[in-house]
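Beneath this line is the structure, given in structure tokens, with notes to follow.
Numbering (this note's numbering), first residue to last: 4 to 587.
Shown next as structure tokens:
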């Protein structure tokens, strides 16, 4: 049965003293000019909140008020109504039985919309639930994936080439051809799906019988397979053209980059190709330039870490290192520091491979190994350019390390990164790379080590009671008393794509070299240095910081166990990370 108000909405709201006669008159006048519905007009004029209006409609129409952000809705249920119609009428199928479908709507009194949607679910009957519009818009983005569209276009592309086992190079590179149009449509859908799902990387991997398209979301790979494996070469060829690579070279790896715009997002794409047994593998890193750079305040660093970093970056000279494995957020931290130091009276030069974000006022140099423009060569020239601050993308060899250290001793503040597990081993790595111990002791000031762990989804977060094995592991590893800890897990919802996690949070440790550490470093004794670092009252290891987030319910036992296994040699960590039972 369709919901119907016994009186007009405006009169009902006045009768219930929710709005005044004057407010209704003003809204009706504004409605005639804007053409919007009365409810939306009242909300825009701040006469009533959306929550008040929807709960009022829910009571008047005897309909349930539904929070769909916490629901996990099957794809086949959502797809009962096409995305275009769902967005047009602000309606989403959230449940389906043999006889009925439940439709969440932001305007349950829109009878015309219900009539138009009935054709898609017939012969099932429609029941209505009331839901805030923003929740519906978020759900559209999260639930209407492009996977079906990708598979359909892939099938079309395969049919276009069915007459020949080999792809016609001319037809693919001809921008007016139907083949080219289909390839572009397929790539457009792949990119749209990746942006919609907040993916950081796209992997295109041809196998023997399937083509795998994988997305890295919050550090985890999610796989989608296509049976049309023979379209892989068409996709790779088109991507090579976009990145300006040599389309005739299939035996050697190539790197390139290009820019696209997807749904208002300006995306910078770094692309790498590699020959594999069944063709060429492509990995693309997606950098959303329109999102802007994070400031230090926005990186999620705890206040006590922020204060110490800000104190250190005010130094006129010395070296600051940010360390961690690939994908741990080192670049984000460095750019956050640079944005804070970027002032008209400060000259900053960066040497990067590649330049990920373009920063105003900062002189950024892109390394080019093919012409001999490597880190060490550029760094020598950089020191002659009268900089105040130098950022070196990565300390990769002895020559670069020594030039950077000498620059830090001659009046420059030098920022750089290392791929190491923690802060203590980072200092020792410089010695392993051949740097003189006296140089490291004199120039190195501070090391920031970091990791990213997945954050529990706020929409489906629920309390969790660890089992006996989990509690025993926590008590044996954590230094803090966990008696009053708040354990949380995500049950899985449309907001987190059923994973129980949404977004990631940084785990940091900071090591500021004091006199004891400098003396140990100067003698080149790694054991003495490690001992002095661990004795520092301000040094908090990564694992301890991770347990603090677990204590406060921000992440799960599973995520902390993975980090502990990575950065420590504590027995039992590997057991917890593989069999914690807290993941979704």
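Every residue gets a Cβ at the ideal spot worked out from N, C-alpha and C, and that includes glycine.
Query, Result
"Could you tell me the alpha carbon to alpha carbon distance between residue 358 and residue 542, rounded to whole angstroms?", "32 Å"
"Please work out which residues of its chain come closer than 6 Å, Cβ to Cβ, to residue 554, disregarding the five sequence neighbours upstream and downstream, and give them in chain order.", "488"
"What's the gap between the Cα of residue 69 and the Cα of residue 128?", "19 Å"
"Just the Cα atoms here: how many angstroms apart are residue 572 and residue 444?", "With a pLDDT of only 49 at residue 572, under the threshold of 50, the placement of this residue in the model should not be trusted; the figure read from the coordinates follows. If I take the Cα positions, the gap works out to 27 Å."
"At the level of alpha carbons, what is the spacing between residue 20 and residue 93?", "28 Å"
"If I follow the unbroken beta strand (DSSP E) through residue 491, where does it start and stop?", "491-493"
"I need the boundaries of the alpha helix (DSSP H) containing residue 340, first residue and last residue.", "333-344"
"How many Å lie between residue 184 and residue 229 at the Cα?", "19 Å"
"Is there contact here, the region 58-76 with the region 85-102, by at least three beta-carbon pairs under 8 Å?", "yes"
"Could you check whether residue 549 and residue 456 sit closer than 9 Å to each other, using their CB atoms as the reference points?", "yes"
"Go to residue 308, then tell me how far its alpha helix (DSSP H) extends in each direction, as first and last residue.", "306-315"
"Which residue comes first and which comes last in the beta strand (DSSP E) that contains residue 3?", "Since the first and last residues shown for the chain are 4 and 587, residue 3 lies out of range."
"Can you tell me which of the three DSSP states residue 251 falls into?", "coil"
"Given this structure, state the Cα-to-Cα distance separating residue 150 from residue 88, to the nearest angstrom.", "18 Å"
"Please report the distance separating the alpha-carbon of residue 64 from that of residue 77.", "27 Å"
"Taking residue 329 as the reference, give the member of 252, 452, 234, 299 with the closest Cα.", "452"
"Does residue 584 come out as helix, strand or coil in the three-state DSSP assignment?", "Confidence at residue 584 is low in this model, with a pLDDT of 42, below 50, so its placement is unreliable and the value that follows should be read with caution. Looking at residue 584 - three-state DSSP - the assignment turns out to be coil, as it is neither helix nor strand."
"Looking only at its chain, what residues have a beta carbon closer than 6 Å to the beta carbon of residue 366, apart from the 5 residues adjacent to it on each side?", "352"
"Could you tell me which whole beta strand (DSSP E) segments of length 3 or greater appear in the region 38-96?", "none"
"In terms of DSSP beta bridges, what is residue 366 paired with?", "352"
"Write down the C-beta distance between residue 207 and residue 109 rounded to the nearest angstrom, noting that I regard them as a contact closer than 8 Å.", "Residue 207 to residue 109, Cβ: 38 Å. No contact."
"Helix, strand or coil for residue 300, going by three-state DSSP, please let me know.", "helix"
"Which residues bound the beta strand (DSSP E) around residue 218?", "214-220"
"Considering only residues of the same chain and omitting the five flanking positions on each side of residue 415, which have a CB-CB separation below 8 Å?", "320, 386, 390, 391, 392, 393"
"Please name the residue in 434, 419, 200 whose C-alpha comes closest to that of residue 147.", "200"
"Which of the three DSSP states is assigned to residue 117 in this structure?", "helix"
"Just the C-alpha distance for residue 491 and residue 470, rounded to the nearest angstrom, thanks.", "13 Å"
"Which class does residue 428 belong to by DSSP, given the choice of helix, strand or coil?", "helix"
"Of the choices 291, 374, 326, 344, whose alpha-carbon is the least far from that of residue 313?", "344"
"Taking the CB atoms as reference points, tell me whether residue 189 and residue 131 lie closer together than 9 Å.", "no"
"Alpha carbon to alpha carbon, how far is residue 368 from residue 135?", "48 Å"
"Ends of the beta strand (DSSP E) at residue 227?", "223-229"
"Just the Cα atoms here: how many angstroms apart are residue 551 and residue 509?", "12 Å"
"By DSSP, does residue 128 sit in helix, in strand, or in coil?", "strand"
"Under three-state DSSP, which class holds residue 156?", "helix"
"Relative to the C-alpha of residue 399, which residue among 248, 273, 370, 203 is closest?", "370"
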